[in-house]
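J.: Questions regarding the structure given below will be posed in turn.
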Amino acid sequence: MTTLDDLPIRDDLRGKIPYGAPQLHVPVALNVNENTHPIPEDVAHDIIARIAQALLSLNRYPDREFTALREALAGYLGHGLSPDRIWAANGSNEVLQQVLQAFGGFGRTALGFTPTYSMYPLLSSGVGVEWIGADRDADFELSPETAVRAVEEHDPDIVILCSPNNPTGTPVPLETVRAVADAARGIVVVDEAYAEFAPPGSPSALSLLEGRPRLIVSRTMSKAFAFAGARVGYLAADPAVIDAIRLVRLPYHLSALTQAAAIGAVEHAPQMLAMVDDIRGQRDRISAELAGLGYRPYRSWSNFVLFAGVDDPQATWAALRDRGVLVRDVGIPGTLRVSAGTETETTAFLEAIAAVGR
Ligand code: PMP
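For any residue, its number in my numbering is found by taking its place in the sequence shown, counting from 1, and adding 2.
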């Protein structure tokens, strides 16, 4: 049988392992930070009508500049952003890949603060960028001093700040973003995939974009918008950044069906986001109840909770799976991560982990 090693694969990809959260069919899947709430039915009908309309002209290429979607996203983000400062792609993974393609490449470096989103090193290696993982402060927090020290030490071409951070849930304070943007020579990306789950009124790095042409804020419709299956991510930045990304994107990368569906979803943003409050409530319930069981949940502004105090994460992961509940072992010793589900799913997780015992 032919294996990867037999192929003339790039030397720098040898030995790498692909992204691979297990795709098991269990009653309660709380392992990949999805929004487990379905799309409201009336919104779904509107989206279907828009897709049906788009279907009639699928013989033509879609709008390469996805103008209507950019207008809708600019309106949703506010902060005085105009559509020429917005870019979108098939998930924020693709957005980040395009940023790394345009501003990274062979011989360049990207720096993040570990533990952080597992795709950053993979996206980096895919385009020949060397990934540098720098340390965080205690409890996975990130102070301006710690962040700036790493930026000064490594002088990276790209810094990726994940806020709130996956897999820890911890937010990056705006002072840290500001300090990194001042200290860094290159591009600074703030990945705000989970921003909508922060406490209401929390400031976003979007408020720092003005006057900082090397700062990029990326977002996704996969989480708060419950639109993971549609694959829509986007960013806000200086129009010149968007000109740079046009150099690396594939022509017509966003299908007409994706554009139609995403416009429908953004135009119904209040309804699509109606469950965010509920998810925040379930997240806080998870943190409180886990603490009551003797675990140590980390501060979370996202839709998931990382908790320590798990003696044998693999054994607890398997025991939960046997009870029909899928969580994530992200490889941080003594911890597991669980996404906040609906009230029923969250109850199922809390009952299962109480039954499994510490
Ligand atoms: N950034 C972070 C921090 C994430 O956790 C994820 C998804 N798990 C993504 C980006 C990518 O999401 P998507 O491609 O679905 O937009």
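All residues carry an ideal CB built from backbone N, CA and C; glycine is no exception.
Using only the alpha-carbon positions, how far apart do Pro-29 and Val-327 sit?
T.: 7 Å
J.: The ligand PMP and Ala-76: does the residue's C-beta get closer than 7 Å to at least one heavy atom of that ligand?
T.: For the ligand PMP, no non-hydrogen atom lies closer than 7 Å to the CB of Ala-76.
J.: Rounded to the nearest angstrom, what separates Gly-294 and Leu-352 at their Cα positions?
T.: 11 Å
J.: If we count the other Cβ atoms within 10 Å of its Cβ and call it buried at 16 or more, is Leu-75 buried or exposed?
T.: buried
J.: Go through its chain and collect everything with a Cβ distance to Ser-126's Cβ below 8 Å, but skip five positions before and after it.
T.: Leu-102, Gly-106, Ala-112, Glu-132 and Trp-133, listed in sequence order.
J.: If you draw a straight line from the alpha carbon of Ser-59 to that of Ile-49, how long is it in whole angstroms?
T.: In a straight line, the C-alpha of Ser-59 is about 16 Å away from that of Ile-49.
J.: If I measure Cβ to Cβ from Thr-319 and keep anything under 7 Å in the same chain, skipping five residues before and after, which residues do I get?
T.: Per the sequence presented here, residue 319 reads as Trp, with Thr not at that position. Excluding sequence neighbours, Trp-319 sits near Val-329, Asp-331 and Leu-338.
J.: In the DSSP assignment, the beta strand (DSSP E) including Ser-341 goes from what residue to what residue?
T.: 337 to 341
J.: If you reduce the DSSP assignment to three classes, tell me which class Ala-238 lands in.
T.: strand
J.: Residue range of the alpha helix (DSSP H) that Ile-41 falls in?
T.: Where Ile-41 is concerned, there is no enclosing alpha helix (DSSP H), given that its DSSP letter is neither H nor E.
J.: Just checking Asn-168 against the ligand PMP - is the residue's beta carbon closer than 7 Å to any of the ligand's heavy atoms?
T.: yes
J.: Going by C-alpha to C-alpha distance, which of Glu-347, Ala-246 and Ala-263 sits closest to Ala-232?
T.: Closest option to Ala-232, Cα to Cα, is Ala-263.
J.: So Pro-64 and Tyr-254 are supposed to be a Cβ contact under 8 Å. How far apart are they, rounded?
T.: 6 Å
J.: In angstroms, rounded to a whole number, what distance separates the CA positions of Ser-209 and Arg-110?
T.: Between the alpha carbons of Ser-209 and Arg-110 lies a distance of about 28 Å.
J.: Below 7 Å, is the gap between the Cβ of Asn-33 and the nearest heavy atom of the ligand PMP?
T.: no
J.: Counting only the same chain and skipping the five closest in sequence on each side, list residues whose C-beta sits under 6 Å from that of Pro-1.
T.: Outside the displayed span of the chain (3 to 360) sits residue 1, for which this structure offers no information.
J.: Need the endpoints of the alpha helix (DSSP H) that Ser-220 sits in, please.
T.: Run containing Ser-220: none in the alpha helix (DSSP H); it sits in the beta strand (DSSP E), 217 to 222.
J.: Whole angstroms is fine: what's the gap from Val-234's alpha carbon to Ala-90's?
T.: 7 Å
J.: Taking Cβ positions, are Gln-100 and Gly-128 nearer each other than 8 Å?
T.: no
J.: Cβ of Ser-94 within 7 Å of any heavy atom in the ligand PMP?
T.: yes
J.: What separation, rounded to the nearest whole angstrom, lies between the Cα atoms of Arg-221 and Ala-197?
T.: 8 Å
J.: Are the beta-carbon atoms of Thr-148 and Tyr-300 separated by less than 8 Å?
T.: no
J.: If you scan the segment 19 to 88 from start to end, which runs of the alpha helix (DSSP H) of 4 or more residues do you find wholly inside it?
T.: 43 to 57 and 69 to 79
J.: Span of the beta strand (DSSP E) holding Asp-184?
T.: Where Asp-184 is concerned, there is no enclosing beta strand (DSSP E), although the alpha helix (DSSP H) around it starts and stops at 176 to 185.
J.: How long is the line joining the alpha carbons of Thr-260 and Ala-230, rounded to whole angstroms?
T.: 12 Å
J.: Report all residues from its chain with a CB closer than 6 Å to the CB of Gly-266; omit the five preceding and five following residues, and keep chain order.
T.: Asp-48, Ile-49 and Arg-52
J.: Please state whether DSSP places Thr-111 in a helix, a strand or coil.
T.: strand
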